[in-house]
Every structure is written in C-alpha cells, then in structure tokens.
Amino acid sequence: MVDNIETDVVIVGAGPSALFTVFELGLLDIKVHLIDILPRAGGQCSELYPEKPIYDIPGHPTITGAGLIDNLLAQIEPFHPTFHFNQLVTELETLGTPEAPAFRVKTDAGATFTAKAVIVAAGGGSFQPKKPPIEGIELYEDKSVFYAVRKMEEFRDKNVIIVGGGDSALDWTLNLHPIAKRITLVHRRDDFRAAPHSVNAMRELVAAGKLDLRIGQIVGLSGDDGELSGAHFKAGKEDAVVIAAERLIPFFGLTMKLGPIADWGLNLNENLIPVDTAQFETNVPGIFAIGDINFYPGKLKLILCGFHEGSLAAQKVHRYVYPDKKLTFQYTTSSTNLQKKLGVQ
Amino acid sequence: MVHITFIDSSGEKRPVEAEEGSTVMEAAIRNSIPEITAECGGACACATCHVYVDEAFVPLTGEASPQEEDMLDFAYAVQPNSRLACQIKIGPEVEGLIVTTPARQG
C-alpha cells in the first residue's frame, strides 16, 4: 500500500489533450499527476500511429504521432508533471461539496490520490488486451490463460502456447523459453512483424528443436475448472488437432474499452461524457472531460479540439484550486510572470 | 459511382453506391453498415474494418500490403480472403464488389 498523494489535479489519461492541459494548468500554478494504463505518454498517438504523419495540427504542416508527443513533453517539461503509468483508474470518489469539490482517485496498482479537480482525458477509453474469439476462454482467464506476463514463475516447467506475431509474442517466447517446459508459438502466417533480431533468435531455436512454431489459429480449449490441458490448433482447412498445454498467452493487440469510467456517477451518452462548452465540466462539479471522450453539440474528435477544451477547462479548475485568487488572463508572449514559469525569463 | 454489396454475418445484404477513389471502409461508414467499426478512421492502424472479399473479386482488389498483413494479425478469424476495408480502393474495376463482414471486429 502506498501513501496517498495529494495534488491539485489528477488527469486520467496521458494522451495529447492531457499533455497540453498540463501546460495550461502549469501557467496557472496548478500541479498535476497523470495516470495512464499504457507504459508511456501519448495515448493513441504513441500506441496506434507513432510513425504516421498527422496533417491537421495547427502550425505543423506534418508531424508524426511520436513527434507530436515528444514536442508536447518538451513543452510541459517546466511544470514537472508526475506520470503514473501501467495503471488503470478504478475508483473516483467525490469527497467535497459542489462549491469546494475534492476527489479521491484509486488505481488498480494500489495508488491513491486526493485532488481538487479531476480531468478525464481518457480518449476512447483504456487500452485493454483484445481477447481471441475462443468459446469459453473466460473460464480460464487469470488461472491458465493470461493476456500479459506479470509473473514469469507462473510459467516455470509448464507447456506454454504463445499466440501472435508481434514484439510481445516474440519477446515472451524468448524470455520464457529458458524456464518453461516447452513453448509453442502459434501465428496465423509465417511472417512476423516483430523486430527482426527476435524473429531470427526464435527461428534459430526452432531449427535447433528447442521451440515449436505452428502456423495457424487456436480455435478451442480443453481443460477443467479453469486449468487448461490443451488447445485446439487449426491450420488452414485441415481438421483441428490438440496441442497439450497448461498455459496460453494470446497477444492480439489492444482495444479501447470505457472500463470503470462508467461507474463514476457521470452522465454518459453512448460511452461519451457530455460536457458544457464553456468549461468542459461534466454533471459532477470539479470533474471535467476533454478530448475524444467528451461529447457536446458540434464535437469533433480532433487533437486540436482537445487542446482548446483543456485550455478552457483550466480556467475553471483554477477557481477550485485557488478559490480566493482572481485570475487575470495573460499571454506567454508578453507576460514576464508566465515567462518565468516557463523558465525563459 | 461503383456498386458494392455488404453482407453481414447473418447473411443480410446491403447494396450501396460508392464514389471512385474512396475506400470500402468509407463507403461502409457513409452508409452506416453494421459490423464495421473503423476505430482508427482509416489509418490502417487498428484492424476493426476487417472484411472477407468475395472470391471472384480477390484478384481485382489486389493483395494486402505488409503493413495491412501486420494489422490483420489483430483481427479475428482471419481467412485467405481477409482484407481491411480501409485499404481497398474503389475504382471501376471492382464494380459489383461483394464483401462479407465478420461477426466481431474487436
């Protein structure tokens, strides 16, 4: 159990809208902690299209997803935001009053935060592993079927089937190979998108007879009480055969799910959070929603709209964090005060 | 305009007209075709516009690029005639195209 972290604002998500909002809050002396289920900042820009050019960021005729995130991180560096990665916000509890809101935020990693405002910038929801369409797979989940490797010991001296052709599948094939009894790597085609050196290392182990590679798909599971005994493997139009195994790790990439946000007492409109367009506040005073996850008449799911929404939300957040201070609007081009905060004065 | 027919996983047919130069995914979204999610909006980055191309049209729609194949790894129940609809360009050569959508996209 970790100690409670007290801060001004918790941002749920660390995508581009969240990052730029750190900048706008920083100019107003508001401290931020960001929580994201991914292992790095950038949300969809980092996860879905790091190498793809984006053409509609104002002032950037073209910039890649990763390039934009690098720039945003550099831009907010003066404000030293704290990132908490690899964790999902599970609970959001309202503690204060509508006039003086306060919130307690909990994550599935056991971290707790108290904050005067919460900004939900969760995009399409949290990235969670895709589950393969194998009937009854949920009966085995967390007992013998895992979508990520958290404890390697779980696989010691076991027959393990790993499914997939990307870096996760190949990395874990190579990492678990020394401790597992036998690993079978299953992929739908004999081409792998993983890094070439891991593919080569895998092929060498296969050639040496230390690893099995099967080209096809897993279509069914056998076992009792959540304990797997075998997986039904099908290659092309051939009949399925059973591969004996006690563990299965499918790596089918990530999908976005709304997740626990549905339980936070916020109004929802088809998995989106309705907000007003002056402050981007939800039906709960002190909880804001910006970026792809919010909804209002005319909403466009554009990064630039997320930037705008964060800027306006920051103005209202200031009222909750500094109820006695009057907020005077200032420009970074002319305000010595803002330039000091940015470290350029 | 090019005629395309979407068949859903229950067998229901939905004929639509699509503009030349657009993609099969765009035609699906404009016509509210069910079972096409297109989460990433056509960037070949998500595999939620997976379709099966009718065998007769497989030679006309071309082959999946290596990047598209990488994305198809994330799709469910992939078959030799699987494609991502966002990567199929619509031209006069695919007039009458028939694609079937899988029961699950993600």
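Residue numbers (my numbering), protein chains in the order written: chain A, 32 to 376; chain B, 46 to 151.
From the three backbone atoms N, C-alpha and C, an ideal C-beta is built for every residue, glycine too.
Within the same chain, Cβ atoms closer than 8 Å to the Cβ of V273 (chain A) are found at S253, G261, A262, H263 and F264, the five residues on either side in sequence being excluded.
Shown here for A97 (chain A): same chain residues with a beta carbon closer than 6 Å to its own, the five before and five after excluded, namely P81 in chain order.
Under the Cβ distance rule, F119 (chain B) counts among the residues neighbouring chain A, one pair being separated by less than 8 Å. Using a Cβ distance threshold of 8 Å, K161 (chain A) and G73 (chain A) do not count as a contacting pair. In the DSSP assignment, K58 (chain B) falls within the unbroken beta strand (DSSP E) covering K58 to A63. Taking the beta carbon of R219 (chain A) as reference, the chain B residues within 7 Å of it are D118 and V123, listed in sequence order. The closest CA to that of D139 (chain A), considering only A:S366, A:T95 and A:D67, is found on A:D67. For F283 (chain A), the nearest beta carbon of chain B is closer than 8 Å to its own beta carbon. Taking the beta carbon of R224 (chain A) as reference, the chain B residues within 7 Å of it are D115 and D118, listed in sequence order.
The shortest C-alpha to C-alpha distance from N102 (chain A) to any of A:P132, A:G46 and A:V120 is the one to A:G46. Here L126 (chain A) is exposed: its Cβ has fewer than 16 other Cβ atoms, across all protein chains shown, within 10 Å. Using a Cβ-Cβ cut-off of 8 Å, Y171 (chain A) does not count as an interface residue toward chain B, since no Cβ of chain B sits closer than that to its own. Nearest neighbour of K62 (chain A) by Cα position, chosen from A:Q376, A:D173 and A:Y353, turns out to be A:Y353. By the beta-carbon neighbour count (other beta carbons within 10 angstroms, threshold 16), R234 (chain A) is exposed. Listed along chain A, the residues sitting closer than 7 Å to R149 (chain B) by beta-carbon distance are P164. Of B:I52, B:P60, B:G66 and B:K58, the smallest CA-CA separation from P137 (chain B) is found for B:G66. In the three-state reduction of the DSSP assignment, Q159 (chain A) falls in the strand class, which pools E and B. Under the 8 Å criterion on CB atoms, C91 (chain B) is classed as interfacial with respect to chain A. Residues of chain B with a Cβ closer than 8 Å to the Cβ of L79 (chain A) are, in chain order, C85, A88, A90 and C91. Closest by C-alpha distance to V69 (chain B), out of B:P111, B:A120, B:Q150 and B:L142, is B:L142.
The beta carbon of T113 (chain A) sits closer than 6 Å to those of H64, all from its chain and outside the five residues before and after it, given in chain order. About 4 Å separates the Cβ atoms of P281 (chain A) and V194 (chain A), confirming a contact at the 8 Å cut-off. In the structure shown, A101 (chain B) falls within a helical segment according to DSSP collapsed to helix, strand and coil. Interface annotation, G196 (chain A): in contact with chain B, CB-CB separation under 8 Å. Where D101 (chain A) is concerned, there is no enclosing beta strand (DSSP E), although the alpha helix (DSSP H) around it starts and stops at G96 to I107.
Between S157 (chain A) and L205 (chain A) the beta-carbon gap is near 28 Å, outside 8 Å, which marks them as no contact. Taking I318 (chain A) as the centre and dropping the five residues before and after it, the same chain places the C-beta of V149 closer than 6 Å to its C-beta, in chain order. In the three-state scheme derived from DSSP, where H, G and I count as helix and E and B as strand, S366 (chain A) is classed as coil. For H115 (chain A), no alpha helix (DSSP H) segment is defined; the enclosing uninterrupted segment is the beta strand (DSSP E) at T113 to H115. In the DSSP assignment, S342 (chain A) falls within the alpha helix (DSSP H) that extends over I334 to V352. Just measuring C-alpha positions, the residue of A:E166, A:H111, A:D202 and A:D222 sitting nearest V53 (chain A) is A:H111.
Taking all protein chains in view, the Cβ of V47 (chain B) is crowded by 16 or more other Cβ atoms within 10 Å, so the residue is classified as buried. Leaving aside the five residues that flank I210 (chain A) on each side, the residues in its chain whose CB is nearer than 7 Å to its CB run, in chain order, M183, F186 and R187. A direct Cα-Cα distance of roughly 21 Å separates E169 (chain A) from H218 (chain A).
Check the Cα spacing between Y178 (chain A) and each of A:F116, A:Q370, A:V40 and A:W203: the tightest is with A:W203.
When the beta-carbon positions are compared, A120 (chain B) and H95 (chain B) come within less than 8 Å of each other.
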